[in-house]
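Per the working numbering, the sequence shown starts with residue 5, numbered consecutively. The beta-carbon is built from N, C-alpha and C at its ideal position, and this holds for glycine as well. Quick caveat: nothing in here was measured; it's all calculated off a predicted structure. Comments concern the structure below.
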Amino acid sequence: MHLSLHGSSSHTRIGEAAATAAEAKTQVYQIATTVRMFEDELARHALVIQTLLRICAKKGLFADAEFLKLLEEVDLEDGVRDGKKKKSKSPKTCDKCGKNARATALTCIYCGAEFPTKNPI
Ligand SMILES: [Zn+2]
Numbered sequence: 005m006h007l008s009l010h011g012s013s014s015h016t017r018i019g020e021a022a023a024t025a026a027e028a029k030t031q032v033y034q035i036a037t038t039v040r041m042f043e044d045e046l047a048r049h050a051l052v053i054q055t056l057l058r059i060c061a062k063k064g065l066f067a068d069a070e071f072l073k074l075l076e077e078v079d080l081e082d083g084v085r086d087g088k089k090k091k092s093k094s095p096k097t098c099d100k101c102g103k104n105a106r107a108t109a110l111t112c113i114y115c116g117a118e119f120p121t122k123n124p125i
């Protein structure tokens, strides 16, 4: 009797583990599908950007140095020099120079002004 109960309990645990594994497999599949979707979207963006850059270069619209200078300027608009343009939740605007900084910044990366810290009370 005891053996049969123990066996049944093990069976239940194996069944639960199998269900958990199946669920995890489904989640991995969904994540992999999402990653492939993002990869495709990035590849489409890269195609458009490279085409635009090639048109600009062919027409002599700007020099590389000018492009890189502007790229840095646009990069800094989200308050972080990281080679990315991210939508910030609510960037701070510096009272002194008027430029944007990330929401968690303590000082302005442009002029060094200190941002007032929130009173915790
Ligand atoms: Zn500033």
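- Here the distance from the Cβ of Lys-100 to the nearest heavy atom of ligand 1 is below 7 Å.
- Counting other Cβ atoms within 10 Å of its Cβ, Ala-105 reaches 16 or more and is therefore classed as buried.
- Between the stretch 75-88 and the stretch 99-116, the count of Cβ pairs shorter than 8 Å is three or higher; the stretches touch.
- The three-state secondary structure of Ala-28, taken from DSSP, is helix.
- With respect to the C-alpha of Lys-73, the residue from Gly-64, Gly-87, Lys-63, Lys-62 having the closest C-alpha is Gly-87.
- When beta bridges are read from the DSSP output, Lys-96 appears opposite Ala-105.
- Shown here, Glu-81 sits in coil according to DSSP, grouped into three states, outside any helix or strand.
- Taking 8 Å as the upper bound for CB-CB distance, Lys-96 and Phe-66 are not in contact here, some 31 Å apart.
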